[in-house]
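Peer 1: The structure's right below; bear with me while I get my questions together.
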Amino acid sequence: MNADVALVTGASRGIGRGIALALLAEGFTVHVTAKTRFEAEAQQAGAAGSLEGLELEAAKLPGRIVVHRCDHGKDADTEHVADAIRAGGRLDILVNNAWPGYENMVEDGDFTWPQPFWQQPAWRWEAMIGTALRGAFMMSRTVAPLMISARRGMIVNISFWAAQLYEGNAIYGIAKAAADKMAADFAHELRSHNVAAIALYPGLVRTEAVLENAEYFDMSNSESPQFIGHVIAGLWRDPALMLKSGTVSVAAALAREYGIADVDGYRPVPLSAGDFARD
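Numbering-wise (this note's numbering), the sequence shown opens with residue 86 and increments by one.
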């Protein structure tokens, strides 16, 4: 039997990298996209922050990795990736993870991330809405016909509680709320084709950026970057997947349902809206 095939966008580092590694460990053929491999910043990040480093790790795992250069702000790049996947004739899972807009939080010595919306730099809107949200839509749009023709598939939008609660940045909240709504409406239109769409919330993930600032976080209930990837594999194997289509799901809650532990054996406690209550 041929291996299941997944596409993970924005996989050079962070959650996307972890998802790709987890799916490779589960035996998937994993297509990954990133543009950092081809930019000077990748050299500065070193192997831990580049697709070359991901390829080295992938070589030790049972799955097969396929690397694509892609700037998700350019529709032509998205089409090029979709063409390559269509040539293979199959795609089971799309994970829309690429989400720019977190870079350059400090500009001219000013930490702009928590500023009110009227003081937010316009480039952050363009990054999170014009690039990230549009990129997720366009990638989904280009590969959905492949899933529809096979009458099986799953689109996962990596989202977060900022979609429902104020999490310090209005643009971030707008973008994540749109990601949730996108998954819900995709699910409605794909249901008759037996293709699922889900918004999936991670917890506190031990990404490179989080670990660099670990003293500011309570890491006791944190998740590895791979954890959510193993949950995605569990979702794909779930015979009741279509009942979850259109929903917002918390990765740690699904992990408990499926009996999935993190890579270190820890079983993260699912977060709820109440855990984000503010004074």
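All residues carry an ideal CB built from backbone N, CA and C; glycine is no exception.
#1: Which residue wins for smallest C-alpha separation from M239, given the options R322, A96, A337?
#2: For the alpha helix (DSSP H) containing M304, list its first residue and its last residue.
#3: DSSP on Y257, reduced to helix/strand/coil?
#4: Please work out which residues of its chain come closer than 8 Å, Cβ to Cβ, to V290, disregarding the five sequence neighbours upstream and downstream, and give them in chain order.
#5: Checking 9 Å against the spacing of the C-beta atoms, do R237 and N181 come in under that value?
#6: Can you tell me whether Y301 is buried or exposed? The criterion is at least 16 other CB atoms within 10 Å of its CB, across all chains shown.
#7: Residues bridged to D335 by DSSP?
#8: How many Å lie between Q205 and A212 at the Cα?
#9: From D349 to A340, what does the alpha carbon distance come to, in whole angstroms?
#10: Taking the alpha-carbon positions, what's the V191 to I243 distance?
#11: Kindly indicate the opening and closing residues of the alpha helix (DSSP H) around G174.
#12: For N298, count neighbouring Cβ atoms within 10 angstroms of its own Cβ and tell me buried if that reaches 16, exposed if not.
#13: Please go through the same chain and pick out, in chain order, the residues whose beta-carbon is closer than 6 Å to the beta-carbon of K120, but skip the five residues on each side of it.
#14: What is the DSSP secondary structure of S357, counted as helix, strand or coil?
#15: Is A148 buried or exposed, if buried means 16 or more other CB atoms sit within 10 Å of its CB?
#16: Quick one: what's got a C-beta closer than 6 Å to A143's C-beta in the same chain, skipping five residues either side?
#17: In three-state terms, what does DSSP make of D270?
#18: Cβ of V90 within 9 Å of Cβ of R175?
#19: How far does the beta strand (DSSP E) with H157 in it extend, from its first residue to its last?
#20: State the start and end residues of the unbroken alpha helix (DSSP H) segment that holds G314.
#21: Would you identify the three-state DSSP class for M239, choosing helix, strand or coil?
#22: DSSP state of F113, grouped into three classes?
#23: Between the region 318-335 and the region 262-278, can you find at least three pairs of beta-carbon atoms closer than 8 Å?
#24: So, are the CB atoms of G186 and A260 less than 9 Å apart?
#25: For S234 and T197, what's the separation of their Cα atoms in angstroms?
#26: Going by the beta-carbon positions, is the gap between L141 and V115 smaller than 9 Å?
#27: My understanding is that M232 touches D160, with C-beta atoms under 8 Å, so please give their C-beta distance in whole angstroms.
#28: Find out if the Cβ-Cβ distance for the pair R60, A346 is shorter than 9 Å.
#29: Taking the beta carbon of L296 as the centre, do at least 16 other beta carbons fall within 10 Å, making it buried, or is it exposed?
Peer 2: Put simply:
#1: For M239, the nearest C-alpha among the options comes from R322.
#2: Element bounds for M304: n/a, residue is neither H nor E.
#3: Y257: helix per DSSP, three-state reduction.
#4: So the list reads G99, I100, G103, S307, E308, S309, P310, F312, I313, once near-sequence residues are dropped.
#5: No; because the gap between Cβ atoms is not below 9 Å, this pair is not in contact.
#6: Per the 10 Å Cβ criterion, exposed.
#7: According to the sequence provided, residue 335 is Val. The question's Asp does not apply to it. DSSP lists Y286 as the beta-bridge partner residues of V335.
#8: Taking the straight line from one Cα to the other gives about 12 Å.
#9: Linking D349 to A340 through their CA atoms gives a straight-line distance of about 14 Å.
#10: Roughly 25 Å separates the two Cα atoms.
#11: Run containing G174: none; DSSP gives neither H nor E here.
#12: When all chains shown are included, N298 counts as exposed.
#13: Take K120, set aside five residues on each side of it, and the residues of its chain with a beta-carbon closer than 6 Å to its own are D156, in chain order.
#14: Coil.
#15: According to the sequence shown, residue 148 is Gly rather than Ala. Buried is the call here.
#16: Contacts found: L109, I150.
#17: In the structure shown, D270 sits in a helix (DSSP, three-state: H, G or I).
#18: When the beta-carbon positions are compared, V90 and R175 come within less than 9 Å of each other.
#19: Element bounds for H157: n/a, residue is neither H nor E.
#20: Element bounds for G314: 312-322.
#21: Correct three-state label for M239: strand.
#22: In the displayed model, F113 falls within coil according to three-state DSSP, outside both helix and strand.
#23: Touching, per the Cβ criterion.
#24: Yes. Within cutoff.
#25: Each residue's alpha carbon lies about 45 Å from the other.
#26: No; because the gap between Cβ atoms is not below 9 Å, this pair is not in contact.
#27: With a Cβ gap of about 20 Å, M232 and D160 do not count as contacting.
#28: The question about residue 60 has no answer here: the residues shown for the chain are numbered 86 through 364.
#29: Here L296 is exposed. Its C-beta has fewer than 16 other C-beta atoms within 10 Å.
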